[in-house]
Amino acid sequence: MAREAMEYDVVIVGAGPAGLTTAIKLKQLDSNLSICILEKGSEVGAHILSGNVFETQALDELLPNWKNENAPIKTKVSKEKFLFLGKNSSLSWPTWLLPAVQKNHKNYIISLANLCRWLAEQAEKLGVEIFPGFPASEVLYNEDGSVKGVATQDMGLDKESNKKDTFQEGMDLHAKVTVFSEGCRGHLGKQLIKKFNLDKGKNPQQYGIGLKEIWEVSEQQHQEGLVMHTAGWPLDKNTYGGSFIYHAENRQIYLGYVIGLDYQNPHLSPFDEFQRFKTHPSIRKMFEGGKRISFGARALIEGGIQSLPKMYMPGALLIGCDAGTLNMPKIKGSHTAMKSGIIAAETIIEHIKDKVDLSIYEKKFKESWAYKELYAARNVKPSFSWGLIMGIIFTGIDQILFRGKLPFTLKHKHADHEALKPADQMPKIDYPKPDGKLTFDKTSSVYLTGTNHTENQPVHLKLKDPELPIKYTLQKYDEPAKRYCPVGVYEIQQEKFVINSQNCIHCKTCDIKEPSQNIIWVTPEGGGGPKYGNM
Amino acid sequence: MKILVAVKRVIDYNVQIRVKEDGSGVHTDNVKMSTNPPDDNAVEESVKLKESGKVKEVIAISIGEDKAQETIRKALAIGADKGIHVKADSYIEPLGIAKILKSIVEKEKPDMVFLGKQAIDDDCNQTGQMLAAMLNWPQATFTSKVNLKEKSVEIVREIDEGLETIEVNLPSVVSCDLRLNEPRFASLPNIMKAKKKPMEQINAKDLGLDLTNRIQQIKVDEPPKRKAGIKVANVAELVSKLKNEAKVL
Chain A
1 MAREAMEYDV VIVGAGPAGL TTAIKLKQLD SNLSICILEK GSEVGAHILS
51 GNVFETQALD ELLPNWKNEN APIKTKVSKE KFLFLGKNSS LSWPTWLLPA
101 VQKNHKNYII SLANLCRWLA EQAEKLGVEI FPGFPASEVL YNEDGSVKGV
151 ATQDMGLDKE SNKKDTFQEG MDLHAKVTVF SEGCRGHLGK QLIKKFNLDK
201 GKNPQQYGIG LKEIWEVSEQ QHQEGLVMHT AGWPLDKNTY GGSFIYHAEN
251 RQIYLGYVIG LDYQNPHLSP FDEFQRFKTH PSIRKMFEGG KRISFGARAL
301 IEGGIQSLPK MYMPGALLIG CDAGTLNMPK IKGSHTAMKS GIIAAETIIE
351 HIKDKVDLSI YEKKFKESWA YKELYAARNV KPSFSWGLIM GIIFTGIDQI
401 LFRGKLPFTL KHKHADHEAL KPADQMPKID YPKPDGKLTF DKTSSVYLTG
451 TNHTENQPVH LKLKDPELPI KYTLQKYDEP AKRYCPVGVY EIQQEKFVIN
501 SQNCIHCKTC DIKEPSQNII WVTPEGGGGP KYGNM
Chain B
536 MKILVAVKRV IDYNVQIRVK EDGSGVHTDN VKMSTNPPDD NAVEESVKLK
586 ESGKVKEVIA ISIGEDKAQE TIRKALAIGA DKGIHVKADS YIEPLGIAKI
636 LKSIVEKEKP DMVFLGKQAI DDDCNQTGQM LAAMLNWPQA TFTSKVNLKE
686 KSVEIVREID EGLETIEVNL PSVVSCDLRL NEPRFASLPN IMKAKKKPME
736 QINAKDLGLD LTNRIQQIKV DEPPKRKAGI KVANVAELVS KLKNEAKVL
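For the protein sequence lines, the chains are A and B, in the order given.
The numbering used here puts the first residue of the first sequence at 1, with every later residue one more than the last.
The numbering used here puts the first residue of the second sequence at 536, with every later residue one more than the last.
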């Protein structure tokens, strides 16, 4: 029996900044279009995690009146700092020596989750239908191979995929154009890139994992509007990463750590590096006596234009970080994701009205400021493959002297999952025990994310080869999943590989970093996963 | 037959509760809100009864700020026919809620009022009982099975000693236990249909009721942190510690 189907002009997968922007812009251009957004989180914002220092350029274009519409963008950046950390020392880098792209004086410290909630309200006012709790689990194709739409996840299956009493079959959603805006490593985006060879001739995509905590601190420790970044300790010089510390409103500090997933040492644990980072003398004092109120983690795109796939295919567009529009040296992707959404809407209007091919997306995107800034930023991340010092020197020359206009483009040579070296060739790392005040274990951290998946449902982290973790990955790499997963989903118990999928916070790191690409992240039942507040 | 089912918007059960520093309550900003879980069971059972043909109309009611309408819409997406939102911007105690429900019952004249056995935010477990008393209706609480007859309803209740089966005359107030059923998922088409179902809006102030709160909240505090456990060497040490340190023997 055919599944029930609904027809829309445009179906959008993912209610993040890119998807919501597309919907709003489409309605502004033609209020008669029927538009639906599917969102796997239990509400809009529940799966959004970002720094976030926000550049308003794209929002100014989309909703110029945002200041008067009570947008949750209030805290202007008032002061900036950049520190190089040694084990016990810190060196403050003068901000006038920072590349222009790293200056934030016009930007705002925001919660991207709250911005998405606000954008969703604007979209709904315009008549967009948003369905939280409905993951798109499958791409549907027309007979000619073009994208026809998506299907939502079946609900109410038990562990063995038998139907429970509450079983509800997924629905087909058909659209003239389907927009994929799932964010970094979207599980449908990944399939589309493969099926349509969208990454042909591109460098392998580069990723990072970002971990974030929100702290409530005393008035003395708080300086609303202060933006601070660090590089160096506790990472070694061959590992790309650093921290962000943003003083937001209500005596809250958004504290985070980003580590490039091209790290080589399988003994490295991004979660524990982040915890250890907080014990540095110049960081500790900012949080001591304060209270950690939120935790979360999410993979992000670092590949830039060298790795940016083609963003169009028959019947569909791939936008935001589902494609990979984040600007790495800026450590910002919300504004470029939104711009890619604006261009998507303009493209779709021309496509539906004038039958113009969706491939005009490419030209439009290349002419935009978003592409120009990604182009200027392109050489920063690959230069850090030469190590921290060379990376900084090169970036200084590239970004300050030449402003990204050097006449060559450095390449990303390897995919992140190829970067790990065998465990016996790399040093073990002895992480300090958490104290439960400043530093924490994974169990108490996942508790703060509000994560839950209905217990009796199919495991949404699939193994291509169930034997591989014990037979190969454990022996060669000491099973790094135990460490790269920020919430302890993967464990080895009595020589068995255990997947605690109900703890999964949908960060996608396992899908990226597993050395044999043996772990496949698929959508769980709707509404599962974290319930982030103002992340 | 007509059912009035009451639903409350509460902090989602997965969210870790944070107590405000000044002890005046808990943080609700930036927190995911959902329907009180046993209320979901009440809605599910009402809709099941409607599907069985025994009930003609299901009305979902919620009392609270504007966002309580989301909770009503969810009930409408499951299958309730109409919503009533009684707007109230500040906290109302169970007695006040029962008074409001009573006035709505007098207007709508349902044969049964269904509600969750208690709300997971204040854990009072009082509204259903107070409402039944004020209406002078029979009540059945902690219901885990419902058998609706023509003029009465047979109820299985979960009590300390096991299961108790009672029969109450209609009209009556029935409060639901989590084991009553497994609430269904709302489907996409039903969520869309729910947006078009009628929703009546009433201001609590306009009902002419005395809704003054009578309980003074002195302080909200976090529960004490559990101390780390210890390992004992043998039974004798365990017994001695239970006797002398824990003083439970």
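All residues carry an ideal CB built from backbone N, CA and C; glycine is no exception.
Note that the structure is predicted; figures quoted are calculated from it, not measured.
Original post:
PHE131 (chain A) touches chain B at which residues, Cβ-Cβ below 7 Å?
Top reply: Mapped onto the first sequence, residue 131 (chain A) falls at position 131. LEU723, ILE726, listed in chain order.
Original post:
Between the Cα of ILE293 (chain A) and the Cα atoms of B:ASP547, B:ALA595, B:HIS562, which residue gives the shortest distance?
Top reply: Reading the first sequence from its first residue, position 293 is the one you call residue 293 (chain A). Comparing Cα-Cα distances from ILE293 (chain A) to each of B:ASP547, B:ALA595, B:HIS562, the minimum goes to B:HIS562.
**OP:** With distances taken Cα to Cα, identify the nearest neighbour of LEU29 (chain A) among A:ALA323, A:GLY527, A:ALA100, A:LEU126.
**Re:** Position 29 of the first sequence holds residue 29 (chain A). Checking every option, the nearest Cα to that of LEU29 (chain A) belongs to A:LEU126.
Original post:
For the 8 Å Cβ check, are there 3 or more pairs between the segment 223-234 of chain A and the segment 435-445 of chain A?
Top reply: Cβ pair count under 8 Å is below three, so no.
Original post:
ASN534 (chain A) CB to nearest chain B CB: under 8 Å?
Top reply: Here residue 534 (chain A) refers to the residue found at position 534 when the first sequence is read from its first residue. Closer than 8 Å: yes.
**OP:** Assign TYR548 (chain B) to one of two classes, buried (16 or more other C-beta atoms within 10 Å of its C-beta) or exposed (fewer than that).
**Re:** On the second sequence, position 13 is the one that residue 548 (chain B) refers to. Exposed, since its Cβ has fewer than 16 Cβ neighbours within 10 Å.
**OP:** Out of B:GLU580, B:GLU689, B:VAL578, B:GLU685, point me to the one whose CA is closest to MET536 (chain B)'s CA.
**Re:** Counting from 1 along the second sequence, the entry for residue 536 (chain B) is found at position 1. MET536 (chain B) has its Cα closest to that of B:GLU685, out of B:GLU580, B:GLU689, B:VAL578, B:GLU685.
Original post:
Nearest to LEU463 (chain A) by CA position, among A:TYR490, A:ASN456, A:LYS433, is which residue?
Top reply: Within the first sequence, the letter at position 463 stands for residue 463 (chain A). Comparing Cα positions, the closest option is A:TYR490.
Original post:
Helix or strand or just coil, what does DSSP make of LEU670 (chain B)?
Top reply: Here residue 670 (chain B) refers to the residue found at position 135 of the second sequence. LEU670 (chain B): helix per DSSP, three-state reduction.
Original post:
How about PRO530 (chain A) and PRO329 (chain A): are their beta carbons less than 8 Å apart?
Top reply: Here the question's residue 530 (chain A) lines up with position 530 in the first sequence. Here the question's residue 329 (chain A) lines up with position 329 in the first sequence. No, the pair does not count as a contact, with Cβ atoms beyond the cut-off.
Original post:
Looking only at DSSP bridge pairs, what is PRO132 (chain A) linked to?
Top reply: Counting from one through the first sequence, the residue named residue 132 (chain A) turns up at place 132. In DSSP, PRO132 (chain A) forms a bridge with A:GLU39.
Original post:
What does GLN551 (chain B) touch in chain A if you count any residue whose Cβ is under 8 Å from its own?
Top reply: Within the second sequence, numbered from 1, the residue matching residue 551 (chain B) stands at position 16. Within chain A, the residues near GLN551 (chain B) are TYR447, LEU448, GLY450.
Subject >> Reference PHE295 (chain A); option with closest CA among A:CYS507, A:PHE365, A:LYS27 >> reply: Along the first sequence, read from residue 1 onward, the residue named residue 295 (chain A) stands at position 295. It is A:CYS507 whose Cα lies nearest to the Cα of PHE295 (chain A).
**OP:** Mind checking which residues open and close the beta strand (DSSP E) that includes THR230 (chain A)?
**Re:** Counting from 1 along the first sequence, the entry for residue 230 (chain A) is found at position 230. Element bounds for THR230 (chain A): 226-232.
Subject >> Sequence-distant residues of the same chain with beta carbon closer than 7 Å to SER34 (chain A), five excluded per side >> reply: Translated into the one-based positions of the first sequence, residue 34 (chain A) becomes position 34. TYR8, ASP9.
**OP:** Throw me the rounded Cβ distance for the HIS174 (chain A) and LYS148 (chain A) pair, which I believe falls under 8 Å.
**Re:** Against the first sequence, residue 174 (chain A) aligns to sequence position 174. Against the first sequence, residue 148 (chain A) aligns to sequence position 148. Confirmed, about 6 Å.
Original post:
Under a Cβ-count criterion, where at least 16 other Cβ atoms within 10 Å of its own Cβ denotes burial, should TYR626 (chain B) be classed as buried or exposed?
Top reply: By one-based count along the second sequence, residue 626 (chain B) stands at place 91. When all chains shown are included, TYR626 (chain B) counts as exposed.
Original post:
Under a three-way DSSP split, which group does ALA423 (chain A) fall into?
Top reply: Numbered from its first residue, the first sequence carries residue 423 (chain A) at position 423. In the structure shown, ALA423 (chain A) sits in a helix (DSSP, three-state: H, G or I).
Original post:
Is the number of C-beta pairs between the segment 343-358 of chain A and the segment 201-216 of chain A that are closer than 8 Å three or more?
Top reply: Counting Cβ pairs under 8 Å, fewer than three are found: no touch.
Original post:
ALA423 (chain A) to TYR375 (chain A), Cα distance in whole Å?
Top reply: Here residue 423 (chain A) corresponds to residue number 423 of the first sequence, with the count starting at 1. Here residue 375 (chain A) corresponds to residue number 375 of the first sequence, with the count starting at 1. Whole-angstrom Cα-Cα distance: 37 Å.
Original post:
Cα separation between HIS105 (chain A) and GLU55 (chain A)?
Top reply: By one-based count along the first sequence, residue 105 (chain A) stands at place 105. By one-based count along the first sequence, residue 55 (chain A) stands at place 55. HIS105 (chain A) and GLU55 (chain A): Cα-Cα distance of roughly 10 Å.
Subject >> Expected contact under 8 Å - CB spacing of SER687 (chain B) and ASP712 (chain B) to nearest Å >> reply: Here the question's residue 687 (chain B) lines up with position 152 in the second sequence. Here the question's residue 712 (chain B) lines up with position 177 in the second sequence. Actually they do not touch by this definition, with Cβ atoms about 20 Å apart.
Original post:
How long is the line joining the alpha carbons of THR509 (chain A) and ASN518 (chain A), rounded to whole angstroms?
Top reply: Indexing the first sequence from 1 puts residue 509 (chain A) at position 509. Indexing the first sequence from 1 puts residue 518 (chain A) at position 518. Cα-Cα distance, rounded: 12 Å.
Original post:
Can you tell me the Cα-Cα spacing of THR325 (chain A) and LEU308 (chain A), whole angstroms?
Top reply: On the first sequence, residue 325 (chain A) is found 325 positions in, with the first residue counted as 1. On the first sequence, residue 308 (chain A) is found 308 positions in, with the first residue counted as 1. Their Cα atoms are separated by approximately 7 Å.
**OP:** Would you list, in chain order, the members of the segment 111-144 of chain A that have their beta-carbon closer than 9 Å to a beta-carbon of chain B?
**Re:** SER111, ALA113, ASN114, GLU129, PHE131, GLY133, PHE134
**OP:** Pull up the DSSP beta-bridge partners for GLN736 (chain B), would you.
**Re:** As a position in the second sequence, residue 736 (chain B) is number 201, starting the count at 1. BP columns for GLN736 (chain B) point to B:HIS620.
**OP:** Decide yes or no for the touch test of the segment 612-629 of chain B against the segment 575-593 of chain B: beta carbon pairs closer than 8 Å, at least 3 of them.
**Re:** yes
Original post:
Going by the CB atoms, is the gap between ILE596 (chain B) and LEU666 (chain B) shorter than 8 Å?
Top reply: Here residue 666 (chain B) corresponds to residue number 131 of the second sequence, with the count starting at 1. Here residue 596 (chain B) corresponds to residue number 61 of the second sequence, with the count starting at 1. Result no, Cβ atoms of LEU666 (chain B) and ILE596 (chain B) do not sit closer than 8 Å.
Original post:
What's the C-alpha gap between GLU219 (chain A) and ARG251 (chain A)?
Top reply: Position 219 of the first sequence, counted from the start, is the residue given in the question as residue 219 (chain A). Position 251 of the first sequence, counted from the start, is the residue given in the question as residue 251 (chain A). Roughly 7 Å separates the two Cα atoms.
**OP:** Just the chain A side, please: which residues come within less than 8 Å of VAL566 (chain B) by C-beta, in chain order?
**Re:** For the purposes of this step, residue 566 (chain B) is taken as the residue at position 31 of the second sequence. Those within 8 Å of VAL566 (chain B) in chain A are GLY533.
Original post:
DSSP state of ARG117 (chain A), grouped into three classes?
Top reply: As a first step, residue 117 (chain A) is located in the first sequence; it is residue number 117 there, counting from the start. Three-state result, ARG117 (chain A): helix.
**OP:** Would you mind sorting ASP154 (chain A) into buried or exposed? The rule is 16 or more other CB atoms within 10 Å of its CB.
**Re:** Translated into the one-based positions of the first sequence, residue 154 (chain A) becomes position 154. With 16 or more Cβ atoms within 10 Å of its Cβ, ASP154 (chain A) is classed as buried.
Original post:
For the beta strand (DSSP E) that contains TYR257 (chain A), what are its first and last residues?
Top reply: The residue you call residue 257 (chain A) lines up with position 257 of the first sequence. That run of the beta strand (DSSP E) goes 252-260.
Original post:
Taking only beta-carbon atoms, is PHE677 (chain B) less than 8 Å away from chain A?
Top reply: As a first step, residue 677 (chain B) must be located in the second sequence, where it is residue number 142. It does not; no Cβ of chain A falls within 8 Å.
**OP:** Compute the distance between the beta-carbons of GLU689 (chain B) and GLU702 (chain B), then report whether it is under 8 Å.
**Re:** What you label residue 689 (chain B) is simply residue 154 of the second sequence in a count that begins at 1. What you label residue 702 (chain B) is simply residue 167 of the second sequence in a count that begins at 1. Against a cut-off of 8 Å, the Cβ pair of GLU702 (chain B) and GLU689 (chain B) comes out as a contact.
Original post:
Do you know whose CA, among B:VAL621, B:VAL770, B:GLU579, B:LEU784, lies nearest ASP741 (chain B)'s CA?
Top reply: Reading the second sequence from its first residue, position 206 is the one you call residue 741 (chain B). Among B:VAL621, B:VAL770, B:GLU579, B:LEU784, the Cα nearest to that of ASP741 (chain B) belongs to B:VAL621.
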